[in-house]
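Sequences listed follow chains A and B, in order.
The first sequence maps to residues 1 to 98 in the numbering used here.
The second sequence maps to residues 1 to 199 in the numbering used here.
Taking it in order: structure first as structure tokens, then the write-up.
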Amino acid sequence: MIRRLTERRVFTVAECRGTVQRMWPYLDGALSERDKDLVADHVAACSLCHPHFVFARSFLHAVRLAHGVAPDYSTLQAKVHSALVAEGLDTAHDERQG
Amino acid sequence: MPAMLSETTTSPDVRDAEFRDTALPLLPAVARLARALVRQQADADDVVQETFLRAYRYWHTFRPGTDCLRWLSTICRNVARDHHRRGADAEDSLDEDRDAWSPARPHAAARDAGFEHMYENLDLGPAITEAIALLPPAFREVVVLSDVEGLSYDEVALNLDIPVGTVRSRLYRARRLLQESLLEYARDAGFAAAGGRPR
């Protein structure tokens, strides 16, 4: 998603600012194909913007890793089911299925 | 199959079967929303339970053919609102961040402090969980749904019943707050800046 910094070019402040503004939508996959390509090309060639993007990507990765384990809802499902039965939910269907 | 439900259905057996088949399978999705809306896990579980109890009581008001998850999400948001009156939270500071360089500032701060590689070199998992839990509710819910659950901007907007533009502005502000908090944690925890290793 973020290419290596290869061909280094000098950009205007306005170009860098516009790219940084689109950093999160880019990393979230929320840009149009055209904008995505523009940002990717800029970042691959800009020694100022490239580290901003790498840092932001590392941050998002760390957040996802911190919550990587899929939650187990079985206890909650049993709790909700019991409450619904107490409320009057018919369980005959479950018993027939079981 | 919601599309086949009939509002004229009155038999309790049929009604219960419809509820079991349509609403109950959506419990994990509702639980994820509750987790985003309420800080403590136990409170989130209570919100889920109350959501399904209310849904069961008012199942006759569910309109067949409409989106059941959206209907449950509305109930869940109302329950969460009732669960804890938040008082003044982050809403006052939710204006869109108009600083064009804002997304780059956390990196600049980390680089200046010698923590440019903190996310690669430090185990920040517990700190991230804690930092998310401490976010103002309006920020926490978008971060959990987007960055933890992986929902798109449109999906988050649908879940929370807010405009996509609001999702974006809250999410970007929330990420900035999280990054600031994590940098502070890294400093306070005594990690050596060079290499990001514990002293």
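Beta carbons: idealized from backbone N, C-alpha and C, even for Gly.
Query                                                                                                                      : Result
Close-in-space but distant-in-sequence residues of the same chain around V54 of chain A (CB under 8 Å, 5 per side omitted) : I2
Chain A contact residues for D147 of chain B, given Cβ-Cβ distances below 7 Å                                              : L60, V63, R64
Beta carbon of A23 of chain B nearer than 8 Å to that of F52 of chain B                                                    : yes
Range of the contiguous alpha helix (DSSP H) that encloses A104 of chain B                                                 : A104 of chain B -> no alpha helix (DSSP H), and no H or E assigned at all.
Three-way DSSP call (helix, strand, coil) for F59 of chain A in this model                                                 : helix
Integer Cβ distance of Y26 of chain A from V10 of chain A, believed to fall under 8 Å                                      : Their Cβ separation, rounded to whole angstroms, is 21 Å, which puts Y26 of chain A and V10 of chain A out of contact at 8 Å.
Reduced DSSP secondary structure (H/G/I, E/B, other) of Y244 of chain B                                                    : Since the first residue of chain B shown is 1 and the last is 199, residue 244 of chain B is not available in this structure.
Residue from B:T61, B:V47, B:E141, B:D43 with nearest C-alpha to A174 of chain B                                           : B:E141
Of the residues A:T19, A:H61, A:A30, the one placed nearest H50 of chain A, counting alpha carbons only                    : A:T19
DSSP-derived helix/strand/coil call for T91 of chain A                                                                     : coil
CB contact check: V48 of chain B to chain E, cutoff 8 Å                                                                    : Among the protein chains of the structure shown, namely A and B, there is no chain E.
Endpoints, alpha helix (DSSP H) assigned at E15 of chain A                                                                 : 13-21
Cα-Cα separation, E91 of chain B to P137 of chain B                                                                        : Note that E91 of chain B scores 41 on pLDDT, short of 50, meaning its location in the model is unreliable; the coordinates nonetheless yield the value given after this. Those two C-alpha atoms are separated by around 9 Å.
Buried/exposed call for E50 of chain B, threshold 16 Cβ in 10 Å                                                            : buried
At least 3 beta-carbon pairs within less than 8 Å: the region 103-122 of chain B vs the region 183-190 of chain B          : yes
Contact belief for H107 of chain B with H52 of chain A at Cβ below 8 Å, rounded distance in angstroms                      : 5 Å
A104 of chain B: contacting residues in chain A (beta-carbon distance under 7 Å)                                           : V20, H52
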